[in-house]
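In this note's numbering, the protein residues as written are 1097 to 1210.
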């Protein structure tokens, strides 16, 4: 059984930083890609950042230059360093992994307030 466990969400002030972590268990071998999506009520879940097992990365335009994704494909872990946080970054952040199938974590709340 595949499980993705997120940690590191919480409350931050505008301009502050948070670091999200996700560890995937039960995936045989390395995931092809891992990353983070986020959702807010009334909006579709959107890609925040993705990293492939080869180290290629992709970011939403809204977070480029502020967020950095990293990971260890051998351990199936992924991290998201979020800096210069804005109120519009407030969302539930979901860890995502792709191998033979697509897997999701349960989500962690990030709230940015002034």
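Where a beta carbon is used, it is the ideal one built from N, C-alpha and C, also for glycine.
The three-state reading of DSSP puts residue 1136 in coil, since its state is none of H, G, I, E or B. Taking C-beta separations shorter than 8 Å and ignoring five residues to either side along the sequence, the partners of residue 1167 in its chain run 1130, 1147, 1173, 1174, 1175, following chain order. Between the stretch 1177-1184 and the stretch 1157-1167 there are three or more inter-stretch CB-CB distances shorter than 8 Å, so the stretches are counted as touching. The straight-line gap separating the alpha-carbon atoms of residue 1108 and residue 1170 is approximately 31 Å.
Bridge partners of residue 1188 according to DSSP: 1135, 1205.
Following the DSSP letters along the chain, one finds residue 1167 inside the beta strand (DSSP E) bounded by residues 1163-1168.
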